[in-house]
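Remarks on the structure that follows.
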DNA sequence: CTGGCTATCCTTAGGCA
DNA sequence: ATGCCTAAGGATAGCCA
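What follows is the structure in structure tokens.
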């Protein structure tokens with residue numbers, strides 16, 4: 490954009506990169522805001538800026554209200570994870586592991602005093 | 490944009506809203522991708538679509554890899570919260586309270602046997 | 001709905017003060 | 001760094017097939 494096309498790769502010149510960082514950070518959050526308003530949906534953007542010497546990392550979010558950000562993350566964690574269960578392997582395995590853990594816990598509980606019968610069985 | 494300006498408010502017509510939803514969702518994630526590549530930063534977008542009858546909520550993220558999304562959320566939780574300590578009131582007060590509590594604890598400890606000198610002073 | 005098309009508006013890279 | 005300016009390229013609302 491601007492005066493001349495930009496190849497889609499990391500901007501080498503640090504000064505240009507920082508300027509573009511600030512400009513596009515603003516543009517991205519603006520788009521998120523418009524998207525949310527126009528379409529009436531929850532949209533959340535989290536930006537973790539470049540590491541700078543003697544500065545904490547620049548953090549920017551949309552919405553700016555961290556309570557809102559957390560709310561959307563929580564919705565994502567529950568509804569999003571649910572939605573993607575069959576697509577995302579790690580979630581799948583996490584869910585399966587939990588199920589197995591719960592089963593084991595239940596067994597342990599109901600088997601008090603029956604330990605002998607479990608000799609040689611890994612529980 | 491497009492043919493004519495758009496007022497920044499919820500699009501009433503449901504059909505138009507859905508079309509715009511899909512178009513802008515694509516645009517937003519593209520911007521996030523470009524931003525990440527050009528500037529070499531962690532950027533994460535979470536979109537929770539409109540509720541539809543007989544459909545689970547449409548969830549879209551950038552990056553599409555949920556492991557990456559979680560990594561960025563975790564970075565945000567740790568570094569982000571840290572960064573905003575001085576901006577976010579709840580964090581600010583939490584931090585201040587802790588500091589005061591620590592001071593009080595320290596005082597109490599070092600003043601064993603000197604209680605009389607604190608008579609009338611709230612500690 | 002799904003996928004182009006395009007007139008218009010928007011974003012922004014590079015300059016400059 | 002900090003903030004405007006502007007030309008070019010990008011995004012997209014409304015249409016149409």
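Chains as they are written, first to last, in our numbering: chain A, 490 to 612; chain B, 490 to 612.
Don't be surprised by glycine CBs; every beta carbon is placed ideally from N, CA and C.
Please read all numbers here as calculations on a predicted model, not as lab measurements.
Closer than 7 Å: is that where the CB of residue i sits relative to any heavy atom of the ligand COA?
i, result
"residue 530 of chain A", "This structure simply doesn't include the ligand COA, nor any ligand for that matter."
Measure the beta-carbon distance from residue i to residue j and round it to whole angstroms, keeping in mind my assumption that it falls under 8 Å.
i, j, result
"residue 528 of chain A", "residue 509 of chain B", "6 Å"
"residue 645 of chain B", "residue 562 of chain A", "Residue coverage of chain B in this structure runs from 490 to 612, which leaves residue 645 of chain B outside it and unanswerable."
"residue 549 of chain A", "residue 518 of chain A", "7 Å"
"residue 539 of chain B", "residue 530 of chain A", "6 Å"
"residue 615 of chain B", "residue 494 of chain A", "A question about residue 615 of chain B goes unanswered here, because the residues of chain B that appear run from 490 up to 612."
So, at 8 Å on beta carbons, what are the nonlocal neighbours of residue i in its own chain, with the 5 sequence-adjacent residues on each side left out?
i, result
"residue 499 of chain B", "506"
"residue 491 of chain A", "none"
"residue 515 of chain A", "none"
"residue 541 of chain B", "547"
Relative to the alpha-carbon of residue i, which residue among the options has its alpha-carbon at the smallest distance?
i, options, result
"residue 642 of chain A", "B/491, B/496, B/545", "There is no way to answer for residue 642 of chain A, as the model of chain A reaches only from 490 to 612."
"residue 554 of chain B", "B/547, B/513, B/535", "B/535"
"residue 511 of chain B", "A/496, A/542, A/524, A/543", "A/524"
Leaving out five residues on either side along the sequence, give the residues of the same chain with a beta carbon under 6 Å from the beta carbon of residue i.
i, result
"residue 503 of chain A", "none"
"residue 547 of chain B", "538"
"residue 608 of chain B", "Low per-residue confidence applies at residue 608 of chain B: pLDDT is 47, beneath 50, and the placement is therefore not dependable enough to give any value."
Are the beta-carbon atoms belonging to residue i and residue j less than 8 Å from one another?
i, j, result
"residue 613 of chain A", "residue 537 of chain B", "Nothing about residue 613 of chain A can be reported from this structure: the residues present for chain A run from 490 to 612 only."
Grab me the residues of residue i's own chain with a C-beta within less than 7 Å of its C-beta, minus the 5 sequence neighbours each way, in chain order.
i, result
"residue 560 of chain B", "none"
"residue 497 of chain A", "none"
"residue 605 of chain B", "Bear in mind that a pLDDT of 47 at residue 605 of chain B, under 50, signals an unreliable position, so the model cannot answer this."
"residue 501 of chain A", "none"
"residue 594 of chain A", "none"
"residue 569 of chain B", "none"
Problem set entry | Residues in the segment 499-529 of chain A having any Cβ partner in chain B nearer than 9 Å | Taking 9 Å as the Cβ-Cβ cut-off against chain B, the residues of the segment 499-529 of chain A that qualify are 499, 500, 506, 507, 509, 510, 513, 514, 516, 517, 520, 521, 522, 523, 524, 526, 527, 528, 529.
Exercise. In the segment 546-563 of chain A, which residues sit with their C-beta less than 7 Å from some C-beta in chain B, listed in chain order?
Worked result: Within the segment 546-563 of chain A, the residues whose Cβ lies closer than 7 Å to some Cβ of chain B are 546, 548, 555, 561, 562, listed in chain order.
For this session: Below 7 Å between beta carbons is the criterion; list the residues of the segment 529-545 of chain A that meet it against any residue of chain B, in chain order.
Result: If the cut-off is 7 Å between Cβ atoms, the segment 529-545 of chain A has 529, 530, 531, 532, 533, 534, 535, 536, 537, 538, 539, 545 near chain B.
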